[in-house]
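**Q** Chains as they are written, first to last, in our numbering: chain A, 17 to 174; chain B, 17 to 174.
Positions of the beta carbon are idealized from the N, C-alpha and C atoms, including for glycine.
Structure in structure tokens, see below.
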DNA sequence: GTTTTATCGTTTCAAATGAAACGTTATAAG
DNA sequence: CTTATAACGTTTCATTTGAAACGATAAAAC
């Protein structure tokens, strides 16, 4: 009797597919409309919630690789969307914040992202949405127990 | 009034993190215990359900890039885990199937993968698990409507 | 005060990625 | 039959990736 492993019913596989599809659909949007790659969008959105932040703050908040954050920040600074200033009391740190243009762009991007999410979640009732969050949170907490603290949480884990 | 985009409460972001964590936790297992990379595991598990398959069958079933499938298949054949034979009626197609060693390995890997999943899902009740599947399915169906048919569904979307 | 040790962000480098080009085989059109 | 078109899998090549090395700064140990 062969082991009954149905890939379609295997959570890691399904989760990966769903995540890819959602990311792709959304990424297409901000790529085409705002010229932002996903890493850039992540950094940008993180700064939308709190400013100023250091690169390392962003690494912690997004679970992105620090090299990737460094590159994304550079591109955003080059595009004129972010200001990068040295921290007055600790020269190792950067003080990253929106430039005027960055702030403008954010006021356009953020509502669109929210609207898109709302549209996506419109197939669920309010109760179901709450349920989804709760379930995902429980799973994330559970799986975190298995991950060695040192693990990289890299991006392209297929 | 700034747009209220809470990244922690933004589905694409949360989904990505959860998917990464789950993949990482599981990948660590088959990497260490069986020497399989994630793409290899995907191909391998797909063949566990149906044999023989062509490379293209695997591409369709897994949403992986065809170049990636090609490389994973090559490694698995080199490792002696798969047999690769030409299709008798269509020489463009491969007939991929487990070798004896591959079949043996599968009987070890698959139950472990299932046991791991079971352990992960043990934080949810049976009803909650059913709910999770249903919610994910609805979301996936919804988001599929947004993705242009031609889109690549690539892996390293962040 | 001097010497470790740790932290931050960048850069380097080898590996992985995927879009496009390719050779080969099959199918369709003429 | 011949030619054009499509499908399959591999390979090429430019890009992305992240782990490790690095320089610079700060904190801790002595």
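Under 7 Å Cβ-Cβ, which residues of chain A neighbour residue 144 of chain B?
**A** 151
**Q** How would you label residue 39 of chain B, buried or exposed, when you count the other beta carbons within 10 angstroms and need 16 or more for buried?
**A** Buried, by the Cβ-count rule.
**Q** Whose Cβ in chain A lies nearer than 7 Å to the Cβ of residue 32 of chain B?
**A** 35 and 39
**Q** Measuring only between beta-carbons, confirm whether residue 51 of chain A sits less than 7 Å from chain B.
**A** no
**Q** Does the region 141-159 of chain A come within contact of the region 27-43 of chain B, defined as at least 3 CB pairs closer than 8 Å?
**A** Here the region 141-159 of chain A makes contact with the region 27-43 of chain B; the two share three or more CB pairs at distances below 8 Å.
**Q** Give the straight-line distance between the Cα atoms of residue 98 of chain A and residue 51 of chain B, rounded to the nearest whole angstrom.
**A** 43 Å
**Q** If you measure between the beta carbons of residue 75 of chain A and residue 59 of chain A, is that distance less than 7 Å?
**A** no
**Q** Are residue 112 of chain A and residue 68 of chain A closer than 7 Å when you measure CB to CB?
**A** yes
**Q** Between which two residues does the alpha helix (DSSP H) carrying residue 101 of chain B extend?
**A** Where residue 101 of chain B is concerned, there is no enclosing alpha helix (DSSP H), although the beta strand (DSSP E) it sits in stretches over 98-102.
**Q** Short check: CB of residue 27 of chain A to CB of residue 133 of chain B, under 7 Å?
**A** yes
**Q** Along chain A, which residues have their Cβ under 8 Å away from the Cβ of residue 65 of chain B?
**A** 21, 22 and 23
**Q** For residue 30 of chain B, I'd like the list of residues in its chain whose CB is within less than 6 Å of its CB, leaving aside the five on either flank, ordered along the chain.
**A** Same-chain partners within the cutoff: there are none.
**Q** Report the rounded CA-to-CA distance for residue 89 of chain A versus residue 72 of chain A, giving the unit in angstroms.
**A** 11 Å
**Q** Taking the straight line between their C-alpha atoms, what separation do you get for residue 24 of chain A and residue 100 of chain B?
**A** 24 Å
**Q** What does the alpha-carbon distance come out to for the pair residue 21 of chain A and residue 83 of chain A?
**A** 37 Å
**Q** Contact criterion: CB-CB distance below 7 Å. Does residue 136 of chain B meet it with respect to chain A?
**A** yes
**Q** Residue 126 of chain A: buried (16+ other C-beta within 10 angstroms of its C-beta) or exposed?
**A** buried
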